[in-house]
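Line by line, the protein sequences give chains A and B. Everything in the first sequence is counted per this note's numbering, starting at 24 for the first residue and increasing by one. Everything in the second sequence is counted per this note's numbering, starting at 2 for the first residue and increasing by one. Cβ atoms here follow ideal geometry from the backbone N, Cα and C, with glycine treated the same way. Here is the structure we will look at, set down as structure tokens.
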Amino acid sequence: MKALLGGAAIAAIALPGLAQAETFSLWVRSDGSEFMPKLVDAFNAKGEDKAELQIVPVNELVQKYAIAAAGGSEPDALSLDLIYTPSFAQAGQLKDLTEFAKSLPYYDNLSKAHLSVGAYDGRIYGMPFSADASVLVWNKNLFEEAGLDPDKAPTNWAEIREDAEAVAALGDDTYGFYFSGNCGGCNIFTFMPLVWASGGALFEDEGAKATVTTPQMKDAIEFYRGMVEDGLVPAGSQTDSGSNFFAAFAGGNIGITPSGSFAIGALNNQYPDLEYGVTYLPGKDGGWSSFAGGDNIVVSAKTEDSKMPAIQAFIEFAYSPEGQKILAQNGSLPVRDDVAEQALEGLDARYMIAAEAMAKGKTPYSPVFNDLINSLNGPWVTMLNRAFYADSGEEVDEAMEEAQDEMQSIIDSSR
Amino acid sequence: MSDGIVAGADAPPPKKRRRRRHSQWTGLIYVLPALALVTVFFIVPLCMTVWMSLHKWPLMGLPRFIGLDNYERLLFDKSFWSSLWFTVQYTVVVTIALLGFAMALALIVQGQGRAVSAYRTIYFLPVVTGFASAALLWVWLSNVDTGLFSPLAQDLGLTEGRVNILANFTPAFWSVIVMVVWKMAGFFMVILMSGLQSIPADYQEAARIDGAKWLQRFRYITMPLIRKPFALALILCVSGSMLAFDQFYIILSGGPQNKTVTAVYKIFNESFVSFRLGYGAALSMVLLVILLVLSVLQLTLLSDRKDK
């Protein structure tokens with residue numbers, strides 16, 4: 024009898040999750056409105072713990088969370104744009120997930136880029152959740168019309184330029200290349216990989232040092248500026264703050280554009296007539312890189328410990344082959360590379376390229392990312408907009424030097 | 002004793018006095034709801050803003066008292082002063098354009114002709130559009146690839162090729178001015194029109210008989226007599242323009258290259274993009290003081306001294 028009681032007590036301690044099903048609240052930014060509800064439904068259907076999902080508009084997520092946190096009504100868990108993880112961790116808003124993360128048998132297979140921005144001061148605060156990598160897409164219909172091999176992807180800047188010129192020569196309303204020239208977020212995602220692939224960087228020392236004025240950055244800017252100057256890019260790109268980022272290429276009159284893996288699903292569903300190819304974002308003389316984007320899942324610092332088993336169960340479900348498959352089928356790349364192939368099985372083969380890009384992709388680390396990069400008036404977008412459309416090389420240098428100074432001063436004053 | 006103070010030295014007869022006291026209390030009851038609203042929505046937030054401006058107040062995490070550091074910092078914040086300077090320039094240009102245009106409209110529609118009320122409606126219609134929707138409409142019209150302005154400029158022979166009017170400062174700035182004048186002129190037209198209609202017809206008639214030309218009548222009769230409504234329009238226009246935000250945020254996002262970031266836009270960026278709420282509060286206080294000074298100045302300059 025005594026032994027029996029003891030056994031029951033041990034079971035109760037070891038398996039607190041079984042004691043009673045928990046419900047926890049979960050937020051996701053609207054970018055996840057395709058895959059998240061499906062994942063949550065599948066998890067809730069298992070009949071034990073329940074996740075209560077709320078979708079928050081992508082541009083309001085940080086503000087909404089902060090206001091909720093100030094009033095003590097923050098969600099228990101949150102799928103957060105990964106680049107914000109350091110700033111949330113720095114503000115003391117997040118729970119330390121180091122033990123849990125490292126206890127997972129497949130810890131080493133989780134997305135390195137996500138984990139690198141999920142860490143703060145040597146502890147893990149954010150774990151990989153959804154993923155979106157930047158890639159280069161090209162319009163095969165236009166390539167064919169222009170007499171190019173529609174199946175041959177450009178592999179360096181000179182080839183991009185040649186292909187763009189051939190496509191632009193087709194006529195007035197056809198352009199070789201497109202990018203959103205006034206959008207900081209779009210360009211950190213699709214322009215920065217060109218610099219990375221050529222050996223440059225934007226930050227060093229965990230975001231403590233800005234390195235804007237590098238030859239690689241200057242080359243990449245000049246590459247874009249040259250295409251603008253020669254009319255290979257539509258004039259509207261100069262004032263596009265992101266609203267045309269995807270739509271321009273989908274319109275069918277753009278030869279090549281850097282984009283994200285999200286475009287594969289969107290093009291397949293909404294523009295079935297558009298034949299397109301997907302490749303890596305190349306460096307100046309070859310090689311390639313990618314921005315590993317997407318969400319980290321984080322837990323609010325004030326979340327009660329009794330809810331942790333339920334949240335952990337949800338995260339483990341998302342990492343299971345079943346969960347990874349649900350994510351992959353609904354527009355997010357897998358974040359566990361040992362089951363990526365299995366999760367992507369039967370899907371468009373172009374996803375494999377994006378998944379490959381994801382696995383080797385980079386994510387810049389900065390607790391002031393919003394200030395520097397995403398702000399409509401931040402130094403990053405101000406520099407790019409001025410430099411891409413500059414009349415002279417001196418103006419480019421000036422824009423780069425100003426951005427270097429301003430970024431460094433923002434970083435310094437935040438510490 | 003207290004009755005004496007309330008009623009003043011030359012006290013009226015007792016009966017009347019009681020009634021007046023009674024009406025004073027009723028008056029207080031009447032203003033009470035307004036007073037409560039002002040307290041809750043103006044005085045309390047104002048005090049909170051002052052309190053906030055003395056802190057380092059991040060959006061997440063705990064505020065820390067830092068005294069006047071925020072104010073010291075703003076003294077050397079070039080981007081704040083340049084945003085303020087841009088706001089002043091915008092206010093001067095838009096006020097002249099807006100009031101001039103509104104005055105012209107008011108003169109056109111002050112008569113009694115059959116079509117006049119139709120004109121009034123047409124001129125007033127844009128006023129009821131929200132600034133955000135009007136700005137979005139403008140963004141759409143200005144789009145170089147799909148909008149209306151670029152082909153229009155081409156057809157009129159103003160430009161050779163397509164032109165992205167929002168990409169350079171001067172055309173972008175003037176396009177916002179045109180949008181604001183289009184949207185707001187009807188509002189100021191109504192204010193000025195009410196002034197015009199309050200001028201007795203005899204005055205103009207007498208002047209006309211004396212042989213005064215239109216311009217003379219406008220200068221010596223119309224303008225002096227609509228001084229008060231004009232002052233009201235001016236103060237509304239200046240304080241409104243000093244607080245400009247939506248149109249620059251939506252149409253230009255502060256671009257090209259941050260040349261059109263207004264003071265309120267800068268405050269918005271500090272508070273809700275960079276999450277420095279304390280600093281944003283300090284900037285707001287500075288803007289509030291500037292507005293206060295401007296309004297007092299305008300009131301003194303334009304108030305009818307003979308009335309006092």
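Annotated three-state conformation of Ser-355/A is coil, per DSSP.
According to the DSSP assignment, Trp-403/A belongs to the alpha helix (DSSP H) that extends over 402 to 411.
For the stretch 376 to 387 of chain A, the set of residues with a beta-carbon nearer than 8 Å to any beta-carbon of chain B is empty. In the DSSP assignment, Thr-302/A falls within the beta strand (DSSP E) that extends over 299 to 302. Measuring C-alpha to C-alpha distances from Ser-242/B to each of Met-49/B, Phe-231/B, Gln-198/B, Tyr-91/B identifies Tyr-91/B as the nearest. Contacts with chain B at 8 Å (Cβ-Cβ) include Asp-394/A.
When the Cα atoms are used, Thr-96/B and Met-104/B turn out to be separated by approximately 12 Å. Secondary-structure assignment with DSSP links Asn-319/A through a beta bridge to Leu-103/A, Pro-151/A. Here the alpha carbon of Pro-152/B sits roughly 34 Å from the alpha carbon of Asp-420/A. A Cβ of chain B is located within less than 8 Å of the beta carbon of Arg-409/A.
With 16 or more other Cβ atoms from the protein chains shown falling within 10 Å of its own Cβ, Phe-189/B counts as buried. By the 16-neighbour rule on beta-carbons within 10 angstroms, Thr-40/B is exposed. DSSP, reduced to helix, strand and coil, places Tyr-91/B within a helical segment of the structure shown. Counting only runs of 3 or more residues that sit fully inside the stretch 49 to 76 of chain A, no beta strand (DSSP E) segment turns up. Among the residues of chain B, those whose CB is under 8 Å from the CB of Ala-89/A are Leu-60, Met-61, Phe-276, following chain order. In this structure, Ile-334/A is the residue among Ala-351/A, Ile-334/A, Ser-432/A with its C-alpha nearest to the C-alpha of Leu-76/A. Exposed is the label assigned to Lys-125/A, since fewer than 16 other Cβ atoms lie within 10 Å of its Cβ. Residue state for Tyr-294/A is assigned as coil, using DSSP reduced to three classes. Within chain B, the residues Asn-165, Ala-168 have their CB atoms less than 7 Å from the CB of Gln-261/A, given in chain order. It is roughly 7 Å from the alpha-carbon of Ala-324/A to the alpha-carbon of Gly-115/A. What Phe-273/B touches in chain A, judged by beta-carbon distance under 8 Å, is Gln-86, going in chain order.
By the C-beta density criterion, Met-59/A is buried, having at least 16 other C-beta atoms within 10 angstroms. Distance between Leu-225/A and Thr-234/A, taken at the CA atoms: about 5 Å. With contacts defined as CB atoms closer than 8 Å, Thr-50/B and Met-286/B qualify as a contacting pair. Taking a Cβ-Cβ threshold of 7 Å, the residues of chain B close to Gly-115/A are Gly-62, in chain order. Taking the C-beta atoms as reference points, Tyr-88/A is found no nearer than 8 Å to Leu-117/A.
Contact annotation: in the stretch 196 to 214 of chain A, residues whose CB is within less than 8 Å of a CB in chain B are Asn-205. Residues of chain B whose Cβ lies closer than 7 Å to the Cβ of Leu-399/A are, in chain order, Ser-254, Gly-255. With respect to chain B, the C-beta atom of Ala-233/A has no partner C-beta closer than 8 Å. The beta carbons of Ile-244/A and Phe-411/A sit closer together than 8 Å. Taking the Cα of Ala-220/A as reference, the smallest distance to any Cα among Gly-259/A, Tyr-201/A, Asn-179/A is reached at Asn-179/A.
Interface residue (Cβ-Cβ distance to chain B less than 8 Å): Ala-92/A is classified as such.
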